[in-house]
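Enquirer: Under the numbering used here, the final residue of the sequence shown carries the number 444; numbering is consecutive throughout.
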Amino acid sequence: MSKLNYVCNLGARAKKASQDLSLLNEKKKNMVLKSFYLNIKKNTNKILKANKIDIISSKKDKLKENLIDRSMLNEERIKLILNSIEEVISFKDPTHKIIAKWKRPNNLIINRVTIPIGVLGVIYEARPNVTSDVSILSFKSGNSAILRGGREALQSNIAISNLFRSSLKKNNVNQDCIQLVNDTDRKIVDLMLSKMTNYIDIIIPRGGKGLVKKVLDLSKVPTIGHLEGLCHVYLDNQYNYSSAERLIVNSKLRRTSICGAAETLLIHKSVKKNDIYKILKKLSTKGCRIIADKKTKKIFAKSTLAKENDWTTEYLDSKISVKMVNNLNEAINHIKKYGTNHTECIISKNKKNIKIFEKNIGSSIVMTNASTQFADGYEFGLGSEVGISTNKMHPRGPVGLEQLVTYKYIVNGNGQVRP
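1. Measure the alpha-carbon distance for ASN439 versus LYS67 and round it to whole angstroms.
2. Would the segment 302-311 count as touching the segment 423-431 if we require 3 or more Cβ pairs under 8 Å?
3. Using a Cβ-Cβ cut-off of 7 Å (strictly less than) and excluding sequence neighbours within five positions of GLY167, which residues of its own chain qualify?
4. In the DSSP assignment, what residue or residues form a beta bridge with LEU172?
5. Which value, in whole angstroms, describes the spacing of the CA atoms of GLU112 and LEU179?
6. To which residues of the same chain is THR139 closer than 7 Å at the C-beta, ignoring the five residues directly before and after it?
7. Distance cutoff 7 Å, beta carbons only. Does GLY285 sit that close to anything in chain C?
8. Pair every Cβ in the segment 385-397 with every Cβ in the segment 89-98, then say whether three or more of these pairs are closer than 8 Å.
9. Go ahead and label LEU330 buried or exposed: buried means 16 or more other beta carbons lie within 10 angstroms of its beta carbon, across all protein chains shown.
10. What runs of the beta strand (DSSP E), each 3 residues or longer, lie entirely inside the segment 285-354?
11. Determine the burial state of LYS126: buried for a count of at least 16 other Cβ atoms within 10 Å of its Cβ, exposed for fewer.
12. Please report the distance separating the alpha-carbon of ILE148 from that of ILE134.
13. Does the distance from the C-beta atom of LYS54 to that of LYS195 stay below 7 Å?
14. Could you have a look at MET217 and say whether DSSP puts it in helix, strand or coil?
15. Buried or exposed: where does THR209 fall if 16 or more other Cβ atoms within 10 Å of its Cβ makes it buried?
16. Identify, in the order they occur along the chain, each residue of the same chain with its Cβ nearer than 7 Å to the Cβ of GLY233, setting aside the five sequence neighbours on each side.
17. My assumption, with CB atoms under 8 Å, is that ALA356 sits in contact with VAL350. Please give the rounded CB distance.
18. Taking a contact to mean a Cβ-Cβ separation below 7 Å, would you say SER186 touches ASN64 in this structure?
19. May I ask you to report which of helix, strand or coil DSSP gives THR222?
20. From which residue to which residue does the beta strand (DSSP E) around ALA125 run?
21. In chain order, what residues of the same chain have a beta carbon less than 7 Å from the beta carbon of SER219, not counting five sequence neighbours either side?
22. Checking 7 Å against the spacing of the C-beta atoms, do GLU383 and VAL391 come in under that value?
23. Quick one: Cα of LYS380 to Cα of ASN207, how far?
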């Protein structure tokens, strides 16, 4: 079978499965998800063994450390997968809900009603938890999904997707609701982007800049996602030092490889020099390289002088760009110039400045006095996410259950004709 026939076969089966899904009620969906929960719990060791094979293979292939970190599973990360499944089970089915209703002067009743999108094509690197997250979210929202993960997590993805498919089979539900592409040839990605318009309704990329750029450039199917997560933290002139230090260190270093990690720190010129020194010293002591503008370098000599391209760099590593700004407006303008509409944070005790920041920053997520690392569907109470979208059109921010539906209009009349 040619690769084109292979992906088109996946597409046809996914489309049929999405039609079958429309017949399922919430109770049936939850039965499948409960079976999946038990399957994950019973087969944790099997998943971890598969993941170990992936990690050994990735190290052998000398893949980047941040990619290996994102691919790694352990007991704690399996527990997070289980928590996500439990949360999604507890959520209401987002489909077939009347989200708006009104009556026209001619007595027509207009209803705006949620419906599934159809077939999701998800292309991702590392992060085997995505296999579970997409499976549970797409299924509960009435969508089928074709998953194409990277070779660095292939065995983990196979193990998790097979457990979901066995949960579907046990409950007499079409297993093609979830299909994993087990061919890691990159031609498959090209075919999904260019030859699947008859089957896939939305493409969702999750991975590095190279993958996402390729998807955004080449896809003939609408996409949901973000190219980069160049997140900023702005330290205002009114602040609590201990809170500021804790937020900045967490935003940057909790996990440097995620898209919600802070990449640039903007500091108001009135912040005490000794406080700036202590914050940067704390970051540096924890292994973070400081890349500073001239003013900041005078305060913290153990830093590298920043170049123009540093303000546009998503490091995904233990590095942070630091710049002194004259005021709040300069910080906002810097973010507007260099940001990627992902996540920005203000640390301030000035309520007026916080409101100005909230109003003027157009990014998909704006944090006030909270770590940028909270830019995550699970932390938002969405159960989990299929990704974060910086699109101007719906959806924006973490894409969870409620965001995986579209809508239609149902118009109820009693014999009206248009004059």
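Beta carbons are placed, not taken as given, at the ideal position from N, Cα and C, and that holds for glycine.
Expert: The short version:
1. In a straight line, the C-alpha of ASN439 is about 55 Å away from that of LYS67.
2. Taking 8 Å as the limit for Cβ pairs, the verdict is that the segment 423-431 does not touch the segment 302-311.
3. Within the same chain, GLY167 has close Cβ partners LEU46, SER47, THR120 and PRO141.
4. BP columns for LEU172 point to VAL147 and LEU205.
5. GLU112 and LEU179 have their C-alpha atoms roughly 26 Å apart.
6. Excluding residues within five positions, the ones whose Cβ falls inside 7 Å are PRO119, THR120, HIS121, LYS122, ILE124, VAL430 and TYR432.
7. No chain C is present in this structure, which holds just one protein chain.
8. Counting Cβ pairs under 8 Å, fewer than three are found: no touch.
9. Exposed, by the Cβ-count rule.
10. Runs of the beta strand (DSSP E) lying entirely within the segment 285-354 and spanning at least 3 residues, in chain order: 287-293, 314-317 and 344-350.
11. LYS126 is exposed by the Cβ-count criterion.
12. Whole-angstrom Cα-Cα distance: 41 Å.
13. In this structure, LYS195 does not lie closer than 7 Å to LYS54 by Cβ.
14. Residue state, collapsed to three classes: helix.
15. So THR209 ends up on the exposed side.
16. Excluding residues within five positions, the ones whose Cβ falls inside 7 Å are GLU150.
17. For ALA356 against VAL350, the beta-carbon gap comes to about 5 Å, under 8 Å, which counts as contact.
18. No; because the gap between Cβ atoms is not below 7 Å, this pair is not in contact.
19. Coil.
20. That run of the beta strand (DSSP E) goes 123-128.
21. Taken in chain order, the residues that qualify are LEU243 and LYS245.
22. The criterion of a C-beta distance shorter than 7 Å is satisfied by GLU383 and VAL391.
23. Taking the straight line joining both Cα atoms gives about 48 Å.
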